[in-house]
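Working notes, structure below.
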Amino acid sequence: MTRQVAIIGGGPAGLIAAEHLSAAGFSVTVYEAMPTFGRKFLLAGKSGLNITHAEDFGRFSGRFGSSSSRMQPALDAFTPSNVRAWAQELGTETFVGTSGRVFPVAMKASPLLRAWLARLGNQGVVLKTRHRWTGFEGGGYRFETVDGDLLIRPDAVILALGGASWPRLGSNAAWVPWLKAEGIAISEFQAANCGFDVAWSDMFVERFAGAPLKSVSTRSDAGTYQGEFVISKHGIEGSLVYAHSAVLRELINRDGQAVLDVDLMPGRSVERLVRDLSRQDVKASFSNRLRKGAGLDGVKAALLRELIPDVNRMPPEDLARAIKALPIPLLRPRPIAEAISSAGGIAWDELDSGYMLKRRPGLFAAGEMLDWEAPTGGYLLTACFATGLAAARGVEAYLKTE
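Below, the structure is given as structure tokens:
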């Protein structure tokens with residue numbers, strides 16, 4: 164008799180698990196609460212679908228912080244090269260961008276998702292939308308559907324319900340109380356790859372909310388990165404901020420505050436700035452001295468004024484140092500509903516090496532439900548694929564030995 168596997172959650176981790184298990188001969192049904200599959204996957208595709216990263220694999224696999232060693236076997240079994248080969252099998256050619264990030268040539272997620280769902284259908288996977296898991300019932304799993312309540316008792320289940328970011332797309336962490344009731348330890352979800360609140364003045368917000376700071380570098384304990392970020396009405400956001408978000412969030416958790424240092428002119432040394440600023444006519448306006456001596460105007464000049472009220476009185480030496488390391492004081496991360504991803508989730512100690520929950524044999528978990536985080540750049544999606552496959556192989560091993 165064919166063994167029955169249920170996968171709860173129709174994002175990347177769940178769908179790739181379904182692909183593997185159906186190809187291995189199991190009867191697979193995917194239950195998705197939303198009206199369509201892969202909604203967060205499609206949202207990521209609006210910016211080109213950064214599917215993985217082409218950097219050295221040793222560096223790649225170390226991008227998952229304290230979870231890197233635990234995730235290493237899953238990543239070894241589905242590397243960035245495997246991700247690209249898998250996409251190509253589905254008719255999606257990829258290319259490596261200048262930053263090392265990998266994108267589909269079409270710069271869209273929808274063609275890949277359509278081909279993927281078609282493959283799953285051809286392999287016999289049953290795809291059910293508008294099936295919202297509402298918890299355990301005895302040894303079964305209860306769902307709310309448009310046709311009423313449903314109770315299933317499959318031979319194995321993979322939970323791939325996502326974390327807690329972008330809840331309107333389905334990842335709302337509603338499952339947390341049900342697993343906690345089973346005694347399963349879950350680290351509190353927190354915003355990851357997120358913006359931060361800053362106490363801007365009303366005048367600064369009115370003039371510069373939405374303005375990008377281009378060609379700058381940012382520095383924290385996470386390292387130094389160059390690029391751009393955006394002034395928002397609440398604070399700061401953008402990829403250059405997200406690169407520091409894990410470190411900054413933990414500093415705020417510990418100390419109640421954090422600072423992000425910004426170099427407004429990474430192409431000029433302090434010495435050159437001092438020399439060029441010293442040459443300016445002291446009778447000229449501060450704006451002109453900044454523009455001619457340091458190449459700063461617009462939002463960069465305004466940010467200096469916003470953060471250092473008496474900046475116009477600084478001697479060239481102090482002004483140059485401020486330009487090269489301007490501290491932006493951060494109040495708190497933006498709400499998790501706005502974050503690209505989330506930190507926290509099911510504690511690793513609750514899982515065996517096959518991604519099965521030790522307290523509930525036959526139940527597995529994958530993707531952003533687990534307690535890991537990673538920067539943007541293709542790491543998140545690759546890890547969802549890799550852990551989904553690891554859970555699928557865990558199910559395969561479990562059912563073969565039962």
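Per my numbering, the very first residue in the sequence shown carries number 164; after that it's consecutive.
Glycine residues also receive a C-beta, built at the ideal position from the N, C-alpha and C atoms.
Please classify residue i: is it buried, with 16 or more other beta-carbons within 10 angstroms of its beta-carbon, or exposed?
i, result
"Q251", "exposed"
"V288", "buried"
"M197", "buried"
"S395", "buried"
"G346", "exposed"
"V309", "exposed"
"K487", "buried"
"N416", "exposed"
"V445", "exposed"
"E256", "exposed"
"T215", "buried"
"S185", "buried"
"S334", "buried"
"L314", "exposed"
"R476", "exposed"
"M519", "buried"
"E513", "buried"
From the DSSP output, which residues share a beta bridge with residue i?
i, result
"L514", "L520"
"Q353", "A506"
"I321", "I170, F527"
"G551", "Answer is none; G551 lacks a bridge partner."
"W111", "Given a span of 164 to 565 for the chain in the structure shown, any question on residue 111 remains unanswerable."
"V289", "T192"
"P492", "V422"
"L436", "Bridge partners of L436: none, in fact."
Can you list, in chain order, the residues of its chain whose CB lies under 7 Å from that of residue i, leaving out five sequence neighbours each side?
i, result
"D534", "S230, S350, G507, G508, I509, A510, W511"
"L205", "A272, S273, L276"
"S380", "T387, Y388, Q389, D426, P429"
"K566", "Because the chain spans 164 through 565 in this model, residue 566 falls outside it and cannot be assessed."
"V558", "V168, L184, A319, I321, F527"
"T242", "F220"
"T199", "T292"
Pop quiz: residue i and residue j are said to be a contact at Cβ under 8 Å. What is the actual Cβ separation, rounded to whole angstroms?
i, j, result
"H407", "R497", "That pair is no contact at about 14 Å."
"A560", "G530", "The pair is not a contact, with the Cβ atoms about 19 Å apart (cut-off 8 Å)."
"L440", "P479", "4 Å"
"L493", "L552", "Actually they are not in contact, since the Cβ atoms of L493 and L552 sit about 37 Å apart, beyond 8 Å."
"S505", "Q353", "7 Å"
"A465", "F371", "6 Å"
"T297", "E195", "Between E195 and T297 the Cβ distance is about 14 Å, and since that is not below 8 Å, they are no contact."
"R295", "F306", "6 Å"
"A500", "P330", "6 Å"
"A483", "V437", "5 Å"
By Cβ distance below 8 Å, which residues in the same chain neighbour residue i in space, the five residues on each side in sequence not counted?
i, result
"N213", "A207, R264, V265, F266, T539, G540, G541, L544"
"L459", "L427, M428, L453, L467, I486"
"L253", "L275, A278, W279, R282"
"A362", "P492, L494"
Please list, in chain order, all residues of the same chain as residue i whose beta carbon is under 6 Å from its beta carbon, the five residues on each side excluded.
i, result
"L332", "R202, K203"
"V259", "A217, V265"
"G227", "Note that residue 227 is Phe in the sequence shown here, rather than Gly. Counting only Cβ-Cβ distances below 6 Å, and skipping sequence neighbours, we find M234, W535, A537."
"A238", "The sequence shown places Leu at residue 238, rather than the Ala named in the question. Cβ within range, chain order: S224, A549."
"G172", "A323, L324"
"A344", "none"
"R166", "F189, D318, L562"
"L290", "V193"
"Y405", "N356, T539"
"F367", "E469"
"C547", "P175, A176, G530"
Which stretch, first to last residue, makes up the beta strand (DSSP E) that contains residue i?
i, result
"A421", "421 to 426"
"E345", "Premise fails: E345 is in no beta strand (DSSP E) and is neither H nor E."
"E391", "386 to 394"
"R316", "Counting along the chain, R316 falls outside any beta strand (DSSP E), and DSSP gives it neither H nor E."
"I499", "Per DSSP, I499 belongs to no beta strand (DSSP E) and is neither H nor E."
"E400", "398 to 400"
"K377", "375 to 383"
"R264", "264 to 267"
"S190", "190 to 194"
Hey, could you find the ends of the alpha helix (DSSP H) residue i is sitting in?
i, result
"R222", "220 to 223"
"E369", "365 to 371"
"E565", "Premise fails: E565 is in no alpha helix (DSSP H) and is neither H nor E."
"H183", "175 to 186"
"I415", "408 to 418"
"F449", "449 to 457"
"K463", "461 to 470"
"L275", "273 to 285"
"K446", "Taken as a continuous stretch (DSSP letters only), K446 belongs to no alpha helix (DSSP H), as it is neither H nor E."
"L238", "231 to 240"
"P479", "479 to 487"
"V246", "243 to 252"
"F258", "It is not in any alpha helix (DSSP H) - F258 instead sits in the beta strand (DSSP E) that spans 257 to 259."
"G208", "202 to 208"
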